[in-house]
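For the sequence shown, position 59 (counting from the first letter as 1) is numbered 59 according to our numbering, and the numbering increases by one without interruption.
Below is one structure, written out as C-alpha coordinates, with a few remarks after it.
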Amino acid sequence: VGDYYKLVLPSLSWVAMAGQTGACARPDMICLIARRGGEILTVKISPRRGKEGETVILFSLSPE
(Lines of atoms letter the chains of each structure in order from A and count residues from 1; the text may use other names and numbers.)
(Lines give C-alpha, C1' and ligand atoms only; values in the text may rest on other atoms or scores of the structure.)
Protein backbone atom coordinates (compact mmCIF):
# COMPACT_ATOMS: atom_id res chain seq x y z
CA VAL A 1 0.00 0.00 0.00
CA GLY A 2 2.82 2.39 0.87
CA ASP A 3 4.55 1.75 -2.45
CA TYR A 4 1.29 2.43 -4.29
CA TYR A 5 0.87 5.87 -2.71
CA LYS A 6 4.55 6.69 -3.22
CA LEU A 7 3.99 6.03 -6.92
CA VAL A 8 0.57 7.72 -7.30
CA LEU A 9 0.93 10.93 -5.26
CA PRO A 10 3.54 12.54 -7.56
CA SER A 11 1.27 11.93 -10.57
CA LEU A 12 -1.36 13.99 -8.72
CA SER A 13 1.14 16.87 -8.28
CA TRP A 14 1.99 16.06 -4.64
CA VAL A 15 5.68 16.59 -3.77
CA ALA A 16 7.07 14.35 -1.04
CA MET A 17 8.52 16.10 2.00
CA ALA A 18 11.67 14.23 3.01
CA GLY A 19 12.54 13.60 6.64
CA GLN A 20 9.00 14.00 7.97
CA THR A 21 8.68 10.69 9.83
CA GLY A 22 7.65 12.28 13.15
CA ALA A 23 3.99 11.90 12.18
CA CYS A 24 4.24 8.13 12.70
CA ALA A 25 2.98 7.21 16.14
CA ARG A 26 3.96 3.53 15.91
CA PRO A 27 6.99 1.76 14.47
CA ASP A 28 4.77 -0.45 12.27
CA MET A 29 3.25 2.60 10.50
CA ILE A 30 4.26 4.06 7.17
CA CYS A 31 3.82 7.84 7.01
CA LEU A 32 3.91 9.79 3.79
CA ILE A 33 3.83 13.58 3.90
CA ALA A 34 3.52 15.66 0.74
CA ARG A 35 2.93 19.27 -0.27
CA ARG A 36 0.82 20.73 -3.09
CA GLY A 37 -0.44 24.28 -3.63
CA GLY A 38 -0.27 25.44 -0.01
CA GLU A 39 -1.66 22.20 1.42
CA ILE A 40 -0.03 19.37 3.34
CA LEU A 41 -1.24 15.80 2.89
CA THR A 42 -0.39 13.17 5.47
CA VAL A 43 -1.07 9.52 4.69
CA LYS A 44 -0.66 7.07 7.58
CA ILE A 45 -0.72 3.38 6.72
CA SER A 46 -0.72 0.66 9.36
CA PRO A 47 -1.85 -2.92 9.87
CA ARG A 48 -5.19 -3.16 11.64
CA ARG A 49 -4.63 -4.44 15.16
CA GLY A 50 -6.15 -7.83 15.76
CA LYS A 51 -7.22 -8.21 12.12
CA GLU A 52 -4.72 -10.28 10.16
CA GLY A 53 -4.17 -9.01 6.62
CA GLU A 54 -6.22 -5.79 7.01
CA THR A 55 -4.77 -2.33 6.57
CA VAL A 56 -5.90 1.04 7.91
CA ILE A 57 -5.19 4.16 5.84
CA LEU A 58 -5.72 7.60 7.38
CA PHE A 59 -5.63 10.75 5.23
CA SER A 60 -5.16 14.19 6.73
CA LEU A 61 -5.22 17.40 4.69
CA SER A 62 -4.26 20.74 6.22
CA PRO A 63 -3.15 24.19 5.11
CA GLU A 64 0.58 24.77 4.97
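Beta carbons: idealized from backbone N, C-alpha and C, even for Gly.
Handout entry: Per DSSP, cross-strand counterpart(s) of C24
Key = In the sequence shown, the residue the question calls residue 24 occupies position 24. Per DSSP, none; premise fails for C24.
Problem - S11, DSSP secondary structure in three states - result: As a first step, residue 11 is located in the sequence shown; it is residue number 11 there, counting from the start. S11: helix per DSSP, three-state reduction.
Practice task
Select from K6, D28, L12 the residue whose C-alpha is nearest the C-alpha of A18.
Solution key: Working through the sequence shown from its first residue, we reach residue 18 at position 18. It is K6.
Practice task
Please go through the same chain and pick out, in chain order, the residues whose beta-carbon is closer than 7 Å to the beta-carbon of R26, but skip the five residues on each side of it.
Solution key: Locating residue 26 in the sequence shown gives position 26, counting from the first residue. Counting only Cβ-Cβ distances below 7 Å, and skipping sequence neighbours, we find S46.
Practice task
State the Cα-Cα distance for the pair L9 and V15, rounded to the nearest angstrom.
Solution key: Numbered from its first residue, the sequence shown carries residue 9 at position 9. Numbered from its first residue, the sequence shown carries residue 15 at position 15. C-alpha separation (whole angstroms): 8 Å.
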